DNA sequence: AAAATACTTAAGGGATTGCTTGACAATTAC
DNA sequence: GTAATTGTCAAGCAATCCCTTAAGTATTTT
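Residue numbers (the numbering used here), protein chains in the order written: chain Y, 393 to 502; chain X, 393 to 502.
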C-alpha cells in the first residue's frame, strides 16, 4: 500500500514550525495572521507551511471576506496516531510473548 | 521547548521506505540485508535510511561479527504517538464543549 | 590463504524544501 | 474614494534529501 497521505502527514509534522501551528490550532481555530504573529518568519513563509498542512489533511481552512480561518482536521491526526500505535503495539506484543517464553523457560530449569 | 527529537521522529516516519522498515521491524528484529532485500534500492541507500531511523531514536541496532541486527525502540514511537494523541484530544475536547454549549443554549430557547 | 559475505564510507548529482523580497489582489475602515 | 488590513503569487537562492556508483573494511567459510 503506497500510503501517500501518511507520507504527507508525517512529513508535515516533522517541521517544528508546522508542529507549532498544529499546537496552536489544537486549542482553537485561528486566522493566518494570528498563526503567523508568534513565528519568526515572513507571512508568505507561513502560508507555505499552511499549504503543506492542508495538503496533508491535518488542517483545513475557509476564507470569509479577507480573513482565512484555519482549524485542525482530527481525522488525519487520528490516522497518523493509529499507524504509530499499531506498530508499537505489535512490537510490544512480541516482547510480551518473549517475556512469557523466558519466564516459562526459567520455571523449567530453576 | 525546541523538541528536536520529535522533529527527527516525524521526519523519519514521513518517508515511505523508512515506514516500510519500521513496519518490517514491528514484527521482529532483522539484519540490514534482510531489511534491504525487499526494497527497490541499493544497500548503501538502505543504510542511510537506517541511520536516519537510528538518529531519530525509533530504531536501535547492534553489530555482532559482521551482522548488524536492528530492532524497534518503542519509547520513541510512543513519544510521537503521544504528541499526536494529546493535540487531537485537546481539539476534540473543545468540540465536545462546543456541543455542550449548543445543547444548553437550545434548552434555554425551546 | 583465497573467496565469499555483510556491511561501510566517500563522492557526487538531481530534486525538493524553506525561506526571502517584491509586487499584487481583495476586502473593510475612515 | 482613499487608505489600511489581510492575504496571495512569483522569482530566486542556499541548504538538505535521496539516491547512485565505486571502493573500501571486517568477518566468516571453504
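Glycine residues also receive a C-beta, built at the ideal position from the N, C-alpha and C atoms.
For clarity, every value in this text was computed on a predicted model and none was experimentally measured.
When you compare the CB of residue 501(Y) with every CB in chain X, is at least one pair closer than 8 Å? Reading the first chain from its first residue, position 109 is the one you call residue 501(Y). Any answer about residue 501(Y) is weak, because its pLDDT of 48 lies below 50 and its placement is not dependable; what the coordinates show is given next. The beta carbon of residue 501(Y) sits no closer than 8 Å to any beta carbon of chain X.
Simplified DSSP state of residue 460(Y), which is helix, strand or coil: Start at 1 with the first residue of the first chain, and residue 460(Y) comes out as number 68. Residue 460(Y): strand per DSSP, three-state reduction.
Could you pull the start and end residues of the alpha helix (DSSP H) that residue 447(Y) belongs to? If you number the first chain from 1, residue 447(Y) lands on position 55. Going by DSSP, residue 447(Y) is part of the alpha helix (DSSP H) stretching over 435-447.
Along chain Y, which residues have their Cβ under 9 Å away from the Cβ of residue 525(X)? This structure does not reach residue 525(X), given that chain X is present from 393 up to 502, and the question cannot be answered.
Residues of chain Y with a CB under 7 Å from the CB of residue 470(X): which are they? One-based indexing of the second chain puts residue 470(X) at position 78. Those within 7 Å of residue 470(X) in chain Y are 480.
Under DSSP, the alpha helix (DSSP H) around residue 426(Y) begins and ends at which residues? Position 34 of the first chain holds residue 426(Y). Counting along the chain, the unbroken alpha helix (DSSP H) around residue 426(Y) starts and ends at 424-428.
Name the two residues that bound the continuous alpha helix (DSSP H) containing residue 399(Y). As a working mapping, residue 399(Y) is identified with position 7 in the first chain. First-last of the alpha helix (DSSP H) with residue 399(Y): 396-405.
In terms of alpha-carbon separation, which member of 451(Y), 428(Y), 437(Y) and 420(Y) lies closest to residue 401(Y)? If you number the first chain from 1, residue 401(Y) lands on position 9. Here the closest residue by C-alpha is 451(Y).
Does the separation of the CB atoms of residue 486(X) and residue 420(Y) fall below 8 Å? One-based indexing of the second chain puts residue 486(X) at position 94. One-based indexing of the first chain puts residue 420(Y) at position 28. Result yes, Cβ atoms of residue 486(X) and residue 420(Y) sit closer than 8 Å.
Can you tell me which of the three DSSP states residue 421(X) falls into? By one-based count along the second chain, residue 421(X) stands at place 29. In the three-state scheme derived from DSSP, where H, G and I count as helix and E and B as strand, residue 421(X) is classed as coil.
Per-residue contacts from residue 477(Y) into chain X (C-beta, under 7 Å): If you number the first chain from 1, residue 477(Y) lands on position 85. Simply 473.
Assigned secondary structure, residue 502(Y) (DSSP; H/G/I helix, E/B strand, else coil): Translated into positions along the first chain, residue 502(Y) becomes position 110. At residue 502(Y), the pLDDT of 43 sits below 50, so the modelled position is not reliable and the matter cannot be decided from this model.
Relative to the alpha-carbon of residue 433(X), which residue among 445(X), 409(X), 475(X) and 458(X) has its alpha-carbon at the smallest distance? By 1-based counting over the second chain, the position of residue 433(X) is 41. Shortest Cα-Cα distance from residue 433(X) to any of 445(X), 409(X), 475(X) and 458(X) involves 409(X).
Using the rule of at least 16 other Cβ atoms within 10 Å of the residue's Cβ for burial, across every protein chain shown, is residue 441(Y) buried or exposed? The residue labelled residue 441(Y) in the question sits at position 49 within the first chain. Buried, because 16 or more other Cβ atoms sit within 10 Å of the Cβ of residue 441(Y).
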